[in-house]
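Single-structure report; data block below.
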Amino acid sequence: MLMRTDPFRELDRLTQQLMGPGTWSRPSAMPMDAYREGDEYVVALDLPGVTADAIDIDVERNMLTVKAERRPVAKADDVQMELSERPLGAFSRQLVLADTLDTEHIKADYDAGVLTLRIPIAERAKPRKISIGVGTGHKEISG
Numbered sequence: 325m326l327m328r329t330d331p332f333r334e335l336d337r338l339t340q341q342l343m344g345p346g347t348w349s350r351p352s353a354m355p356m357d358a359y360r361e362g363d364e365y366v367v368a369l370d371l372p373g374v375t376a377d378a379i380d381i382d383v384e385r386n387m388l389t390v391k392a393e394r395r396p397v398a399k400a401d402d403v404q405m406e407l408s409e410r411p412l413g414a415f416s417r418q419l420v421l422a423d424t425l426d427t428e429h430i431k432a433d434y435d436a437g438v439l440t441l442r443i444p445i446a447e448r449a450k451p452r453k454i455s456i457g458v459g460t461g462h463k464e465i466s467g
């Protein structure tokens, strides 16, 4: 059997084991992608193995907070764990949102272990044309 090793992955795994799982007071980070798609910003967070009811999303002013918890799977008494690399515990990510985003209309979807947040760009931040009025002449104010 051919086994490929990645020393950095092993280092990450060992660091996670030493630091222990995330807790609500010291949560682990969750990987994410953020990009603009048309008139909205999209944030995709990886949360494999987390149930939708274990995810909490809050927005206060322009601070978006996502918290999740991956709980251990119940095992029978006669099961002996041979290898455990999937992290358990609490995960959290905070994002400071620009004032140009509409935090009142954020949509959240969770599918296949990926939480996708769609944040619309506020109307005031969208580009628009300004019409130029043609004056009827100069007016003088006398006083």
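Quick note on my numbering: the sequence shown kicks off at 325 and runs consecutively.
Beta carbons are placed, not taken as given, at the ideal position from N, Cα and C, and that holds for glycine.
From a predicted model like this one, the values you see are computed outputs, not experimental measurements.
Where residue i sits in the DSSP three-state scheme
{"i": "A358", "result": "strand"}
{"i": "R395", "result": "coil"}
{"i": "E447", "result": "helix"}
{"i": "A422", "result": "coil"}
{"i": "E428", "result": "helix"}
{"i": "A378", "result": "helix"}
Buried versus exposed, by CB contacts within 10 Å (16 or more), residue i
{"i": "Y359", "result": "exposed"}
{"i": "E384", "result": "exposed"}
{"i": "A398", "result": "exposed"}
{"i": "R452", "result": "exposed"}
{"i": "V367", "result": "buried"}
{"i": "V420", "result": "exposed"}
{"i": "E447", "result": "exposed"}
{"i": "M325", "result": "The predicted position of M325 is uncertain, since its pLDDT is 40 and thus under 50; a value taken from the coordinates is nonetheless stated next. The residue in question, M325, is exposed, as its Cβ has fewer than 16 Cβ neighbours within 10 Å."}
{"i": "I454", "result": "exposed"}
Residues that residue i bridges to, as DSSP identifies them
{"i": "E364", "result": "E361 and P444"}
{"i": "L439", "result": "L369 and Y434"}
{"i": "E384", "result": "M387"}
{"i": "I454", "result": "None; I454 has no bridge partner."}
{"i": "S416", "result": "K391"}
Whole-angstrom C-beta distance between residue j and residue i, which should lie under 8 Å
{"i": "D433", "j": "T424", "result": "Not confirmed; about 23 Å, so no contact."}
{"i": "G437", "j": "D370", "result": "7 Å"}
{"i": "D363", "j": "I430", "result": "Their Cβ separation, rounded to whole angstroms, is 14 Å, which puts D363 and I430 out of contact at 8 Å."}
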